[in-house]
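Q:
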Amino acid sequence: MERRRCAACGQAFRPRSQVPQQCYCSEAACQRERRRLWQRAKRASDADYRENQARAQRAWAANHREYWREYRRRHQPYCERNREAAMQRQRDRRQAAASAAVTEFAKMDASTPEKAVRSGTYRLVPATAAEFAKMDACLVEITLISTR
Ligand SMILES: [Zn+2]
């Protein structure tokens, strides 16, 4: 009978005859790993699946508020590091978006003002915002319908 190496644990196993493509042994940890990777790929490739999962997680979290409160209490240092890293990522994203907007603005051709705005997604920030960096910007999509 054919034997294969498990893609997770590396142990030899006999594939089940019902599953000719089997790459993981039947150990619970290896099956969890297989499902975890499948879900990751599915979330990356299927927007409907991703949205569904996010909605289900929000619903679950709303019905189990004490779970995450307790989790944060028991994993305080980890949660604080995580929060700081998330805030840094947000600052990095804002900085990158601002740089991209400036670059895009600089690339515009002044001699063809009718093409000044291209279709695309833009960040909308009040021009009078004194604290630009602290403002929450809106993402807006602008579709150019006509140049006149
Ligand atoms: Zn295995």
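The numbering used here numbers the first residue of the sequence shown as 3 and each following residue consecutively.
Just so you know, even glycine gets a beta-carbon here, dropped at the ideal spot from N, CA and C.
1) For Ala43 and Cys27, I'd like the C-alpha separation in whole angstroms.
2) Quickly, what does DSSP pair Val21 with across the bridge? List them, please.
3) Specify, as a first and last residue, the run of the alpha helix (DSSP H) that Arg74 falls within.
4) Let me know if Cys32 comes out buried or exposed under the rule of 16 or more other beta-carbons within 10 Å of its beta-carbon.
5) Rounded to a whole number of angstroms, what is the C-alpha to C-alpha distance between Cys81 and Arg57?
6) Are Arg16 and Glu4 close, meaning C-beta to C-beta below 8 Å?
7) Taking only the alpha-carbon atoms, compute the straight-line gap between Trp70 and Lys109 and give it to the nearest angstrom.
8) Take Ala103 as the anchor and find which of His77, Arg91, Arg120 has the nearest alpha-carbon.
9) Looking at C-alpha atoms only, which residue of Ser101, Arg37, Pro22, Glu143 is the closest neighbour of Ala10?
10) To the nearest angstrom, how far is it from the Cα of Arg85 to the Cα of Arg67?
11) State the DSSP-derived secondary structure class of Leu146, mapped to helix, strand or coil.
12) From the DSSP output, in three-state form, read off Tyr26 for me.
13) Can you name the start and end residues of the beta strand (DSSP E) that Glu125 belongs to?
14) Using a Cβ-Cβ cut-off of 8 Å (strictly less than) and excluding sequence neighbours within five positions of Tyr51, which residues of its own chain qualify?
15) Let me check one thing: in DSSP terms, what residues is Cys140 bridge-paired to?
A: Let me spell this out:
1) 20 Å
2) Answer is none; Val21 lacks a bridge partner.
3) 67 to 76
4) buried
5) 23 Å
6) yes
7) 46 Å
8) Arg120
9) Arg37
10) 18 Å
11) coil
12) coil
13) Strictly speaking, residue 125 in this sequence is Arg, with Glu absent from that position. That run of the beta strand (DSSP E) goes 122 to 126.
14) Lys44, Arg45
15) Leu126
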